[in-house]
Ligand SMILES: C[S@@+](CC[C@H](N)C(=O)[O-])C[C@H]1O[C@@H](n2cnc3c(N)ncnc32)[C@H](O)[C@@H]1O
Ligand code: SF4
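Numbering (my numbering), first residue to last: 88 to 536.
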C-alpha cells in the first residue's frame with residue numbers, strides 16, 4: 088500500500104502511546120514483591136508441572152542506538168563471567184524449589200546478546216541447565232543471536248548444548264539506516280550465521296527486523312525485505328521502532344529529524360505485510376510472520392514477554408537480571424541492575440524485586456487482551472464459560488466497543504466481535520479499552536501504530 092491509500096486522519100487520530108501487551112497488567116504496574124512470595128508460588132506448582140525457562144544475559148559489546156532492551160555494553164569478559172556465577176547460584180536455588188516431577192518444555196536465552204558468552208561458557212551453562220532441571224525430550228531450546236559476535240566454536244557449543252531454534256537480530260540491511268542506528272552488520276555476516284546453524288541441523292530460524300528507523304524509506308525497507316527473503320527465515324518479527332529516549336538514554340544518539348512519521352510508519356508496516364504475504368508467510372498477531380507450515384502458524388498462538396509463542400505451559404520461570412516470570416498466581420521480576428541482582432542472589436538465593444499477584448479481574452482482562460492480541464477476536468461465549476458471572480462488566484465493555492465503533496475496526500460476531508482488516512493494525516487501541524490500569528503517558532509506551 089502506498090502512502091496515498093492510507094487514511095491519514097485515522098492514523099493520526101489513533102496513534103497513541105500504548106502498551107504492547109506482552110503481559111497484563113503491564114510491567115510498569117508491578118509492585119515491590121518479596122522473594123518469600125516467589126518461593127511460596129514455586130512450591131505450590133503441581134508435581135508434574137510443564138515449565139518454560141527464560142534466561143536473560145544483559146550484556147552486549149556495544150549498545151545499538153535504537154535499543155530499548157535491558158542490557159549494558161562491555162568489552163571486558165570478566166563482568167560476564169562473574170554474572171554467570173550468579174546465574175548458576177540462582178538456578179540452583181530455583182531448581183531446589185521446583186516439584187521433582189516438573190518437565191521443561193521451552194528454554195530461551197535472550198538478552199542483551201547471549202552469544203557474547205564464550206564457547207566454553209555456553210557449554211558449561213548448558214550443562215548447568217541439564218543438571219538442575221528435567222527437560223522433556225521434545226523441549227525447544229531457543230537463543231537470541233547477534234551475528235556480529237558469532238564464531239564457529241560458539242555455534243558448535245550452542246548446538247552441542249541442544250539449541251534447536253535461533254533468533255537473529257537483523258533490523259535493516261540498508262547501510263544508511265545501519266549508520267543511523269549505530270549498528271553496522273553486512274549482509275554476509277547474517278548469511279554466514281544462518282548457514283552456520285542450518286549446516287548444524289538447526290531448522291528454525293527467526294529474524295528480528297524493525298520499521299520506523301531513521302532514514303528508512305518504503306524503498307529501502309522493500310530492498311531489505313528482498314534480502315531477507317533470499318535467506319528464507321522460517322519466522323520474522325517486524326517490530327515498530329519504540330523511540331523512548333527518556334527511558335533508554337542511548338536513543339538520544341538517534342537523529343529524531345530523520346525518523347519517519349506515523350503515516351510513513353503505517354505505510355511501512357503495510358508494505359512489509361504485503362511483501363511477506365506474497366512470499367508465502369502468514370501474518371500472526373501484531374508484528375510476527377511465519378511460513379504456513381511453521382508451528383507458529385499451525386498451533387494456537389499465545390503471547391508472553393518474548394512476543395508471540397506456541398508456549399502454553401503453566402509457568403514461565405525467569406532467570407537473570409530483570410527477567411520476568413509468570414506463575415499461576417501472578418508475575419515476578421528480578422532486580423534489573425546487574426549489581427543489585429547479584430547482591431540479592433548472594434543474600435537470598437533469589438533476586439525477586441517486583442511482581443503482581445493476579446486478581447480475578449486481572450485474569451479475566453489478561454485473557455481477553457491476550458486473545459485479542461493473538462486472534463483479533465473477543466468471544467463472549469469463551470469469556471462466560473471461563474469466568475462466569477464475574478465477566479458481566481467486561482461483556483458490557485465489549486458491547487460498548489461494538490456500538491461506538493465509528494472507524495470500521497469491529498465486526499460483530501454471534502457472541503462478541505472480531506477486528507476487521509482495517510482494525511487489526513489498531514489492536515493495541517482496542518486492547519487498551521479493556522485495560523483497567525491504563526495510563527497512556529507519552530514517553531512510557533511506544534506509538535500504537
Ligand atoms: C535482544 S535483541 C536480539 C539479539 C541481539 N542482541 C541482537 O540485537 O542481534 C532483541 C530485539 O529487540 C528489538 N528491539 C530492540 N530495541 C527496540 C526498539 N527500541 N524498538 C523496537 N524493537 C527493538 C530488535 O529487533 C532486537 O533484535
Ligand atoms: S539490539 Fe541487541 S545487540 Fe543491540 S544493544 Fe540491543 S540487545 Fe544489544
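Backbone N, C-alpha and C fix where the C-beta goes; we use that ideal spot for every residue, glycine too.
Note that the coordinates shown come from a computational prediction; the quantities given were computed from them, not determined experimentally.
- As for any beta strand (DSSP E) of minimum length 3 sitting wholly inside the region 247-275, the runs are 252-258, ordered along the chain.
- These are the residues, in chain order, with a beta carbon less than 6 Å from any non-hydrogen atom of ligand 2: 147, 150, 151, 154, 156, 158, 198, 199, 200, 233 and 256.
- Residue environment: residue 512 is assigned as buried (16 or more neighbouring CB atoms within 10 Å of its CB, all protein chains considered).
- Restricted to the region 439-463, the alpha helix (DSSP H) segments that are unbroken, complete and at least 4 residues in length are 447-462, listed in chain order.
- An exposed status is given to residue 290, since fewer than 16 other beta-carbon atoms sit within 10 Å of its beta-carbon.
- Here DSSP, grouped into helix, strand and coil, assigns residue 499 to strand.
- Under the three-state reduction of DSSP output, residue 152 falls in the coil class, being neither helix nor strand.
- With fewer than three CB-CB distances shorter than 8 Å, the region 207-218 does not count as touching the region 423-438.
- The C-beta distance from residue 268 to residue 294 rounds to 16 Å, too long to fall under 8 Å, and the pair is not in contact.
- In the DSSP assignment, residue 417 is bridged to 414 and 444.
- DSSP places residue 216 in the uninterrupted alpha helix (DSSP H) bounded by 206-219.
- Assignment of residue 284 by DSSP, reduced to helix, strand and coil, places it in the helix class.
- Between the C-alpha atoms of residue 230 and residue 493 there is a straight-line separation of about 43 Å.
- As computed with DSSP, residue 191 is found in a beta bridge with 138 and 222.
- Looking at the backbone, the Cα of residue 521 and that of residue 101 are separated by about 16 Å.
- Around the beta carbon of residue 433, a 10 Å sphere encloses fewer than 16 other beta carbons of the protein chains shown; the residue is thus reported as exposed.
- Nearest in C-alpha terms to residue 153, of all of 416, 420, 112 and 342, is 342.
- Relative to ligand 1, residue 275 has its C-beta separated by 7 Å or more from all heavy atoms.
- Taking the Cα of residue 369 as reference, the smallest distance to any Cα among 536, 200, 320 and 247 is reached at 320.
- Its chain contains 112, 117, 417 and 418 as the residues whose beta carbon lies nearer than 6 Å to that of residue 443, once the 5 sequence neighbours on both sides are disregarded; these appear in chain order.
- At least one heavy atom of ligand 1 lies closer than 7 Å to the C-beta of residue 297.
- Shortest Cα-Cα distance from residue 221 to any of 440, 391 and 189 involves 189.
- For the pair residue 525 and residue 285, the Cα-to-Cα distance works out to about 43 Å.
- Here residue 336 is exposed. Its C-beta has fewer than 16 other C-beta atoms within 10 Å.
- Between ligand 1 and the CB of residue 326, the shortest heavy atom gap is smaller than 7 Å.
- Secondary structure note for residue 358: its alpha helix (DSSP H) is the uninterrupted segment 349-365.
- Distance from the Cα of residue 236 is smallest, within the candidate group 104, 248, 276 and 439, for 276.
- The nearest non-hydrogen atom of ligand 1 is 7 Å or more from the C-beta of residue 416.
- For residue 391, the enclosing beta strand (DSSP E) has its first and last residue at 389-391.
- Of the residues assessed, residue 135 falls on the exposed side of the cut-off, its CB having fewer than 16 other CB atoms within 10 angstroms.
- When the alpha-carbon of residue 247 is set against those of 224, 274 and 213, the nearest one is in 213.
- Bridge pairing for residue 370: 376 [DSSP].
- Here residue 324 carries a strand assignment [DSSP, helix/strand/coil].
- Per DSSP, residue 468 is one residue of the alpha helix (DSSP H) stretching across 467-474.
- Under the DSSP assignment, residue 293 falls in the beta strand (DSSP E) whose first and last residues are 291-298.
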